[in-house]
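J.: In my numbering, the protein residues as written are 4 to 148.
Below is a structure I'd like to ask you about.
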Amino acid sequence: MNAENPPDILRQTSKLPWIEFGAGIHYKVLRTSAETGDWTVIFKCAKGSGFPPHFHHGAGEYLMLSGVMDYRAGKAVAGDYGYEPLGVYHESTTFLEDSELLFTNHGPVAFVDGDNNIIMMLDWKYFADQAAAAEATAAEQPALA
Ligand code: ZN
4 MNAENPPDIL RQTSKLPWIE FGAGIHYKVL RTSAETGDWT VIFKCAKGSG FPPHFHHGAG
64 EYLMLSGVMD YRAGKAVAGD YGYEPLGVYH ESTTFLEDSE LLFTNHGPVA FVDGDNNIIM
124 MLDWKYFADQ AAAAEATAAE QPALA
């Protein structure tokens with residue numbers, strides 16, 4: 004018998020707040036790990052939005068839930084799965100329709116400028132901090148009748 008059966012994590016995503024990322028993109032934080040650096044989110048991306056150029060300093064993987072994502076590998080539609088290897092560079096990622104995707108990155112994503120200088124680092128800590136701030140804000144607001 005295993006006396007230390009670890010707790011499961013069940014995230015009821017319909018109850019999680021959308022957090023604004025900017026430029027038509029929102030996300031819900033499902034899980035972050037300080038131990039492995041993994042982070043899992045649902046991205047909601049408005050038609051015409053996109054991610055600026057970035058490097059994956061950890062492999063990533065996604066499942067398209069709805070919409071169309073156009074990037075280096077092609078056009079991903081609902082039901083499509085993609086694996087983005089460690090070190091891959093994505094010059095352009097755009098959403099041709101309102102889209103949602105489940106996304107896990109096994110480490111940070113570094114957004115870069117035209118000279119490959121890092122201008123923003125997306126990592127587990129960023130998402131953990133943003134989720135904690137959103138929960139604190141939600142707790143301060145009176146419940147809507
Ligand atoms: Zn990417």
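C-beta: ideal position from N, C-alpha, C; glycine also.
1. Check whether the Cβ atoms of THR96 and ASP41 sit closer than 8 Å, and answer yes or no.
2. Below 8 Å, how does it come out for the stretch 12-32 and the stretch 47-56: are there three or more Cβ pairs, yes or no?
3. Less than 8 Å between the C-beta atoms of GLY70 and SER102, yes or no?
4. According to DSSP, which residues form a beta bridge with ARG14?
5. Could you tell me if the beta carbon of THR96 falls within a distance shorter than 7 Å of some heavy atom in the ligand ZN?
6. Hey, which residues come within less than 7 Å of the ligand ZN, measuring from Cβ to any heavy atom, in chain order?
7. Measuring only the C-alpha atoms, how far is HIS57 from GLU94?
8. How many Å lie between LEU33 and ALA81 at the Cα?
9. Indicate the three-state DSSP secondary structure (helix, strand or coil) for ALA49 in the structure shown.
10. To the nearest angstrom, how far is it from the Cα of ASP73 to the Cα of ASP83?
11. Measuring straight from C-alpha to C-alpha, what distance separates HIS109 and LEU66?
12. State the Cα-Cα distance for the pair LYS47 and LEU105, rounded to the nearest angstrom.
13. Give me, in chain order, the residues of the same chain whose beta-carbon lies closer than 7 Å to that of ALA148; leave out the 5 immediate sequence neighbours on both sides.
T.: On the basis of the data shown:
1. no
2. yes
3. yes
4. According to DSSP, which records beta bridges pairwise, ARG14 is partnered with nothing at all.
5. yes
6. PHE54, HIS57, HIS59, GLY63, TYR74, GLU87, VAL91, HIS93, THR96, VAL112
7. 7 Å
8. 20 Å
9. coil
10. 12 Å
11. 15 Å
12. 9 Å
13. Note that ALA148 has pLDDT 49, beneath the 50 cutoff, so the model's placement of it is unreliable and the number below is only indicative. Taken in chain order, the list of residues that qualify is empty.
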